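Novice: Count the sequence shown with the working numbering and you get residues 359 to 913, in order.
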Amino acid sequence: MASAAPTGMSPPPPVAAADRERVVIVVSGKDHPGITSAIMAAVARAGVDILDVRQTSVRRRLTLAVELEVGMDARSQSVFRELLLAAKKVGTKIDFDIPESGRSLPSVSPTSGAQAAATSDTRVRRLSPCFPSTNYVLTLLSAEAVPPRFLQSLGELLEARGFSTDKITRLSRRQLRSLELSISHAPGAGRRSGALAELLAVEADGTNWRDVGAPAGNPTTAPVSGVAPSGDGAAGDAGGGDDLESSAWALDDPDAVGTDVDVGDSVHGFNAEAMADFRSALYTFGKSQGVDVALQAESVLRRSKRLVVMDMDSTLIQQEVIDELARHAGVYEAVRDITHAAMGGGLDFNESLRQRVALLAGTPATAFRHVIDNLVYTDGAHELCRSLKKLGYRLAVISGGFTAITEHVRKELGLNYDYANQLEVGEDGRFTGRTVGPIVNAQRKADLLMTIAQQERISLNQVIAIGDGANDLPMLAVAGLGIAFNAKPAVQEAATFRINQRSLESVLYLLGFSEDDQQELSGRPQPVVPRVPPPVPTTERAGGAANGRGVVASA
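Here you go:
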């Protein structure tokens with residue numbers, strides 16, 4: 359009995375027996391109905407087995423790759439003749455490769471005939487030996503079209519690390535602003551850049567990359583939690599800190615509900631240090647080119663996140679709430695000085711918050727209404743939340759700001775939870791200059807995230823956290839996908855994933871959702887491409903005549 363492949367690793371492809379050989383055919387040409395069926399019919403007539411098949415079409419140009427296991431008997435060997443005839447019949451080019459021997463048979467196009475000799479530019483493509491692959495996904499995000507030179511340099515970086523590019527998918531609709539690259543790595547794979555290097559070989563003069571792959575179809579959507587509590591689940595302080603369990607449950611007990619041991623990198627062939635080094639190299643490279651590069655281990659969990667936890671200030675909204683309150687109270691400069699001292703390491707977050715809140719003493723609590731009326735939501739915040747809720751995600755905002763604002767944001771965006779600091783209001787309706795309950799600092803943000811995950815019975819690997827500040831880093835670290843959104847450089851360097859795009863909706867690209875998917879999820883209408891009306895036909899008869907549309911055209 360064959361042994362099972364290690365957990366989390368794809369089994370190697372079957373190895374041809376001694377009396378058989380593996381043959382890879384690549385069919386290419388103008389796409390039209392009947393090509394795939396004709397090729398498959400030829401394979402079926404020869405009675406050979408199909409080991410793998412891939413097909414893509416870009417602007418009606420088809421590429422079909424099929425891996426076959428061909429026996430040495432006469433019937434099996436007839437597959438070459440059958441395929442040549444089929445390719446000629448449907449008007450496509452066909453290439454044959456025999457990986458084990460390194461032989462490459464002549465490529466045949468519809469005009470060359472079955473007996474044409476190999477041309478001088480026919481390439482012998484050597485396929486790497488069979489080995490258990492380790493699979494990752496690279497997501498590229500750019501405010502403008504990703505330039506060819508960037509892809510060339512990225513291909514060289516991947517090649518140097520022993521990665522090959524198996525598939526490239528365009529996620530954005532118009533400009534080439536977002537790409538998803540499926541890459542694989544194996545010990546001893548050598549310096550190969552696979553599909554990407556082949557793709558880049560055509561680039562030498564700044565070609566406009568309009569079509570790399572087709573927009574992805576709908577990926578597997580996240581399931582709705584079957585144990586979610588009734589109602590919206592939000593409760594401002596949610597009972598304060600007394601019922602908050604220690605974060606130790608997520609660290610010390612791998613069997614605890616809602617937890618798992620993150621072994622993604624080790625399962626995929628890397629230790630944590632090597633993966634951190636690779637991610638750092640990708641970040642530095644992407645930053646130098648103005649392109650966000652996110653590396654994720656490819657697994658079912660990547661497309662099945664179920665909980666999203668977001669910071670509020672400078673993430674969901676564009677303002678810092680305490681600054682807005684300070685402006686209203688006339689103490690903005692003093693609050694700003696304390697903030698700068700805290701950022702410089704002179705004060706910890708708890709002490710800086712106490713000092714800033716103390717400056718608000720005596721300010722009418724109606725200042726909250728002023729802040730709420732002037733909130734500016736980050737581009738894409740509404741669309742992101744609407745899309746995620748449609749997919750069944752649970753959503754939360756955890757902020758170092760104040761509950762009066764987070765509660766409003768929760769209701770506005772349709773979130774399930776909100777947590778923040780609570781400002782004490784006296785009987786006179788004014789701020790006392792104190793907070794009530796535990797301070798929501800960096801560690802408490804992480805603790806609250808884990809508590810929500812435990813309550814929802816969701817694995818931490820299925821949690822997304824989004825924030826911009828240093829006090830978000832612990833929260834980003836415990837989530838399966840922690841994203842620094844338009845964060846300061848120091849925060850970006852410490853975070854695993856970064857997005858420097860204007861819209862929060864860009865988060866959906868990291869989950870594999872194309873721009874078309876995003877428009878469908880958010881309920882936005884598809885863009886309509888204006889059609890130029892055809893010219894009114896005219897007649898060449900002297901004196902003019904009816905042109906068939908009831909319009910008289912003069913000579």
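By construction, the Cβ of each residue, glycine as well, lies at the ideal position given by its N, Cα and C atoms. Treat the numbers as computed from the prediction; the structure is a model and nothing was measured.
Check whether chain C comes within 8 Å of L674, counting only Cβ atoms and requiring the distance to be less than that.
Specialist: Of the protein chains in this structure there is only one, and it is not chain C.
Novice: So the candidates are G787, E863, E878; which of them puts its Cα closest to the Cα of L499?
Specialist: Ranking G787, E863, E878 by Cα distance to L499 puts E863 first.
Novice: Under three-state DSSP, which class holds D650?
Specialist: It is a strand residue.
Novice: What is the C-beta distance between Q654 and Y494, in whole angstroms, given that I count them as a contact (C-beta under 8 Å)?
Specialist: Indeed they touch by this definition, with Cβ atoms about 7 Å apart.
Novice: Quick one: is M670 buried, meaning 16 or more other Cβ sit within 10 Å of its Cβ, or exposed?
Specialist: With 16 or more other Cβ atoms within 10 Å, it is buried.
Novice: Using the Cα positions of R815 and G688, report the straight-line distance between them to the nearest angstrom.
Specialist: The alpha-carbon atoms of R815 and G688 are separated by roughly 45 Å.
Novice: Can you look up A655 in the DSSP assignment and give me helix, strand or coil?
Specialist: Here A655 sits in strand by DSSP.
Novice: On a CA-only basis, which of A684, A725, D731 is nearest Q713? Give me that one, please.
Specialist: It is A684.
Novice: Grouping DSSP H, G and I as helix and E and B as strand, with all else coil, what is V836?
Specialist: Reduced to three states, the DSSP call for V836 is helix.
Novice: Apart from the five residues just before and just after L806, which ones in its own chain have a Cβ nearer than 6 Å to its Cβ?
Specialist: These residues qualify, in order along the chain: I756, Y777.
Novice: Given T394, which residues of its chain have a CB within under 8 Å of its CB, disregarding the five upstream and five downstream residues?
Specialist: Excluding sequence neighbours, T394 sits near Q413, L422.
Novice: I'd like to know whether the C-beta atoms of I456 and T673 end up nearer to each other than 8 Å.
Specialist: Their beta carbons are not under 8 Å apart, which means I456 does not touch T673 by this criterion.
Novice: Taking the beta strand (DSSP E) that A778 falls in, what are its first and last residues?
Specialist: Segment 775 to 783, the beta strand (DSSP E) holding A778.
Novice: Would you tell me roughly how many angstroms separate the C-alpha atoms of V679 and G759, rounded to the nearest one?
Specialist: Cα to Cα, V679 sits roughly 6 Å from G759.
Novice: Excluding five sequence neighbours on each side, which residues of the same chain lie with their C-beta closer than 7 Å to the C-beta of Q358?
Specialist: Within the shown structure, residues of the chain are numbered from 359 to 913, placing residue 358 beyond reach of any answer.
Novice: Evaluate A845 with the Cβ neighbour count: other Cβ atoms within 10 Å of its Cβ, from every protein chain shown; 16 or more gives buried, anything less gives exposed.
Specialist: With 16 or more Cβ atoms within 10 Å of its Cβ, A845 is classed as buried.
Novice: Can you look up H766 in the DSSP assignment and give me helix, strand or coil?
Specialist: Of the three classes helix, strand and coil, the one that applies to H766 here is helix, per DSSP.
Novice: Classify A547 as buried or exposed, calling it buried when 16 or more other Cβ atoms lie within 10 Å of its own Cβ.
Specialist: Confidence is the limiting factor: at A547 the pLDDT is only 49, short of 50, which leaves the residue's position unreliable, though a coordinate-based value still follows. Label assigned to A547: buried.
Novice: Would D377 and G429 be called neighbours here (beta carbons separated by less than 8 Å)?
Specialist: Yes, Cβ-Cβ distance for D377 and G429 is below 8 Å.
Novice: In chain order, what residues of the same chain have a beta carbon less than 7 Å from the beta carbon of A811, not counting five sequence neighbours either side?
Specialist: The residues are G616, L665, L818, V821.
Novice: In three-state terms, what does DSSP make of F508?
Specialist: If DSSP states are grouped into helix, strand and coil, F508 belongs with the helices.
Novice: Could you work out which residue in G387, L442, A432 is closest to A399 when comparing CA atoms only?
Specialist: Comparing Cα-Cα distances from A399 to each of G387, L442, A432, the minimum goes to L442.
Novice: By Cβ distance, which residues of its chain are closer than 7 Å to K447, with the 5 residues on each side in sequence left out?
Specialist: Closer than 7 Å at Cβ, skipping near neighbours: A396.
Novice: Hey, how far is the Cα of E691 from the Cα of N799?
Specialist: Looking at the two C-alpha atoms, the distance is approximately 23 Å.
Novice: Taking only three categories from DSSP, how would you classify P722?
Specialist: Looking at P722 - three-state DSSP - the assignment turns out to be strand.
Novice: Do you know how far the Cα of G513 is from the Cα of R660?
Specialist: R660 and G513: Cα-Cα distance of roughly 23 Å.
Novice: Hey, L718 and G791: beta-carbon distance below 8 Å or not?
Specialist: Contact flag set, yes.
Novice: Could you please give me the residues that DSSP links to K846 through a beta bridge?
Specialist: K846 is not bridged to any residue.
Novice: Would DSSP call R378 helix, strand or coil?
Specialist: It is a strand residue.
Novice: Report the option in T761, A842, R856, F521 whose CA atom is closest to the CA atom of G795.
Specialist: Closest by alpha carbon: T761.
Novice: Under 8 Å between the Cβ atoms of I675 and F726?
Specialist: Cβ distance not < 8 Å, so I675 and F726 don't count as in contact.
Novice: Mapping the DSSP letters down to three states, classify H728 as helix, strand or coil.
Specialist: In this structure, H728 counts as helix in the three-state DSSP scheme.
Novice: Using a Cβ-Cβ cutoff of less than 8 Å, which residues in the same chain neighbour S511 once the five nearest sequence positions on both sides are dropped?
Specialist: Answer for S511: F643, Q647, listed in chain order.
Novice: Tell me, please, which residues DSSP counts as bridged to A823.
Specialist: Note: A823 sits in a beta bridge opposite V667, G840.
Novice: Give me the residue from R637, D695, K663, L516 with the minimum Cα distance to I541.
Specialist: The residue with the shortest Cα to Cα distance from I541 is L516.
Novice: Smallest Cα separation from E878: which of L742, G772, G827?
Specialist: Nearest of L742, G772, G827 to E878, Cα basis: L742.
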